[in-house]
Amino acid sequence: MLEEQGPEWMSEEVKTGTTIIAVEFDGGVVLGSDSRVSAGASVVNRVMNKLSPLHDRIYCALSGSAADAQTIAETVNYQLDVHSMELGEDPLVCSAATLVKNISYQYKEELSAHLIVGGWDRRGGGQVYATLSGLLTRQPFALGGSGSSYVYGYLDAEYRAGAGRTDTQRLVVDTLSLAMSRDGSSGGVAYLVTIDGDGVEEKVFLGNELPTFYDQ
Amino acid sequence: MQLNGCRSFRSMLGSPDISLANNAYWGIPSRRWDANAWKRQSSSAEQLPVLMSLFGGEMSLLRSPLQPPSPGFSFDLTERNAVLGRLLEGSPPPRPVKTGTTISGMVFRDGVVLGADTRATSGDVVADKMCAKIHRISANMYCCGAGTAADTQKTTDLLASNLALFSLNSQRAPRVLMAASILQDTLYRYGGQIGAHLILGGVDYSGAHLYTVGPYGSVDKLPFVSMGSGSMAALGILEDRYKPNMEVEEAKVLVRDSVQAGIMGDLGSGSNVDLCVITAQAVDYIRPYQESQYTNGRNRKYKYPPGTTALLSEKVVPLRMELVTEAVQRMETH
Chain V
53 MLEEQGPEWM SEEVKTGTTI IAVEFDGGVV LGSDSRVSAG ASVVNRVMNK LSPLHDRIYC
113 ALSGSAADAQ TIAETVNYQL DVHSMELGED PLVCSAATLV KNISYQYKEE LSAHLIVGGW
173 DRRGGGQVYA TLSGLLTRQP FALGGSGSSY VYGYLDAEYR AGAGRTDTQR LVVDTLSLAM
233 SRDGSSGGVA YLVTIDGDGV EEKVFLGNEL PTFYDQ
Chain Y
235 MQLNGCRSFR SMLGSPDISL ANNAYWGIPS RRWDANAWKR QSSSAEQLPV LMSLFGGEMS
295 LLRSPLQPPS PGFSFDLTER NAVLGRLLEG SPPPRPVKTG TTISGMVFRD GVVLGADTRA
355 TSGDVVADKM CAKIHRISAN MYCCGAGTAA DTQKTTDLLA SNLALFSLNS QRAPRVLMAA
415 SILQDTLYRY GGQIGAHLIL GGVDYSGAHL YTVGPYGSVD KLPFVSMGSG SMAALGILED
475 RYKPNMEVEE AKVLVRDSVQ AGIMGDLGSG SNVDLCVITA QAVDYIRPYQ ESQYTNGRNR
535 KYKYPPGTTA LLSEKVVPLR MELVTEAVQR METH
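For the record, the sequence lines run as chains V and Y.
Residue numbering for the first sequence is 53 to 268, as defined by my numbering.
Residue numbering for the second sequence is 235 to 568, as defined by my numbering.
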């Protein structure tokens, strides 16, 4: 411990080495994330909920540097509050995603965080937006974080347009479980948030409740 | 590289301002850092002769020592360290005093328990055998600090002052969430340059809360935490035996055991265990809760009895004082 460089935890930035997913379904969106926050090789928080509310029916999923991601989410939360007060009604998901995109693009050289924005509004129903590196694109589903690389193929193959609520929830949990079992930087429990016209449902899947596959 | 002449992300939210009083209290994100401010600030007067002698006037950044130093943190020394590193090529640069530490905390039924060891190291040497790592933030909140000793002390002092001002202004006890937000704002603003790894615990009207704040400004709210070089050892104990709603004596023993694991298993932690038990009714700051079992007792008495030194002669010279003037000034007290 007393070598010159000092222990790793002193110098390593806290990152959410992560798997985050958002999938649209008929009438809403489902967002999912794992719960591991690492600093170098050690896990700083094994139960962090990376699905952060931006507004009543708009959530974002955090990945990358924990400090940067939390700061962006809080900043956009504040900006959306002001915006919705000025409008006098709930903001659009597209507005929330645009605010996140603005920050991600303007300060892309200094920030290392990626947020996926998902929510429900009256005009467009359930929507998912990816904002990686400052682009803004609406997609039927979006993945992010270090664990996402392992499950692109799975989600591409299993996604069905027009699926229902429970099927989409099951798809997200299955995808998260596969990613968490293959990626060293993802793990812990799985958090799920389902947003539709009636409201928001938050669920936690503990380690032993996650679905198992071939070799588990 | 900057696009469209924009400033850094941290300075987007407003001009740099040392007083946290305004925005942080009303929930407006106030993370501000002028990216160039640290280059413009001067180093204080004492460093000038040292630096001049080392580099023979190479440092053109320094202002005249006759001007008072600017307020706020000065990051001139990061440049000096870089130059020193190049000069002392091969040999390691000087390290700051760190509290190689074990600190931990947990929420129990009636409040929170915070624990810390008491060893401060400077490289391989123990600089302080009995340093206090649990800092008072307010009557209902205490904060343990690991990392660079100066940074943890200064950050917690600043937080305590600002919260005291807030209490006086608003007639309210501060919430733990507010303290955590202020810490997050401050540490994010300085981009990890302030090496403070903090565990903040307290009880407010909404219950008992425990937060951990990292040096880059990330915050986690958890039922049990540990930080410092001995954190892995302490976390093993906490993971094994933590249960929600424990009783106070059981919680104190668990935190003590977790700090003890750090003291035994980590070279940077040692000496005694301090505890701080915070409940809605009272705060019990127990320093030390447990004394080190490994200190040697003093073998001899080092007090000399009166008369050991022989008195050869005595001369008394009274000082004569004269009353020159007497004036009475009334104070306005009503």
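We treat Cβ as the ideally placed atom computed from N, Cα and C, and that holds for glycine.
Please read these numbers as outputs of a predicted model, since none were measured by experiment.
The beta strand (DSSP E) runs of length 3 or more contained entirely in the stretch 59–121 of chain V are, from start to end of the chain, 66–68, 72–77, 80–85, 89–91, 94–97, 103–107 and 110–117. Straight-line measurement puts the Cα of ALA118 of chain V at about 11 Å from the Cα of VAL96 of chain V.
Distances from the alpha-carbon of VAL410 of chain Y to those of Y:SER440, Y:ILE428 and Y:ASP419 put Y:SER440 closest.
Counting only runs of at least 4 residues, the stretch 429–512 of chain Y fully encloses the following alpha helix (DSSP H) elements, listed from N- to C-terminal order: 465–475 and 482–499.
By the criterion of a C-beta distance shorter than 6 Å, GLY345 of chain Y is surrounded in its chain by VAL437, ALA442, ILE512 and THR513, once the five residues flanking it on both sides are discounted. Among the residues of chain V, those whose CB is under 8 Å from the CB of GLY451 of chain Y are ALA119, GLN122 and THR123, following chain order. Under the three-state reduction of DSSP output, SER338 of chain Y falls in the strand class. Spanning the alpha carbons of LEU322 of chain Y and ARG353 of chain Y requires a straight line of approximately 30 Å. Note that the stretch 67–77 of chain V touches the stretch 192–199 of chain V; at least 3 beta-carbon pairs, one per stretch, sit closer than 8 Å. Looking from the CA of ARG174 of chain V, the closest CA among V:LEU230, V:LEU144 and V:ILE124 belongs to V:LEU144. Contacts with chain Y (Cβ-Cβ distance below 8 Å) from the stretch 93–104 of chain V involve SER94, VAL96, ASN97, VAL99 and MET100, listed in chain order. Listed along the chain, the chain V residues whose CB falls inside 8 Å of the CB of LEU456 of chain Y are ASN97 and VAL99. In the DSSP assignment, SER372 of chain Y is bridged to Y:MET375.
For the stretch 457–477 of chain Y, the residues whose beta carbon sits under 8 Å from a beta carbon of chain V are, in order, SER463, SER465 and MET466.
Taking every protein chain shown into account, the CB of LEU469 of chain Y has 16 or more other CB atoms within 10 angstroms, so this residue is buried.
At a cut-off of 8 Å between C-beta atoms, VAL89 of chain V counts as an interface residue with respect to chain Y. Taking a C-beta distance under 8 Å as the contact criterion, ALA125 of chain V and LEU106 of chain V qualify as a contact pair. DSSP places PHE265 of chain V outside any alpha helix (DSSP H), giving it a letter other than H or E. Taking a Cβ-Cβ threshold of 8 Å, the residues of chain Y close to VAL66 of chain V are GLY448, TYR450 and SER452, in chain order. Around the beta-carbon of ASN530 of chain Y, fewer than 16 other beta-carbon atoms lie within 10 Å, marking it exposed. Under the DSSP assignment, GLN405 of chain Y falls outside any beta strand (DSSP E); it carries neither an H nor an E label. Below the 7 Å Cβ cutoff, chain V contributes ALA119 and THR123 as neighbours of TYR422 of chain Y, in chain order. Sequence-distant Cβ neighbours of LEU188 of chain V in its own chain, meaning closer than 7 Å and more than five residues away, are ALA149, THR150, LYS153 and TYR181. Here the alpha carbon of MET100 of chain V sits roughly 20 Å from the alpha carbon of GLY171 of chain V.
When DSSP states are grouped into helix, strand and coil, LEU167 of chain V belongs to the strand group. Rounded to the nearest whole angstrom, the C-alpha separation of THR335 of chain Y and VAL507 of chain Y is 11 Å.
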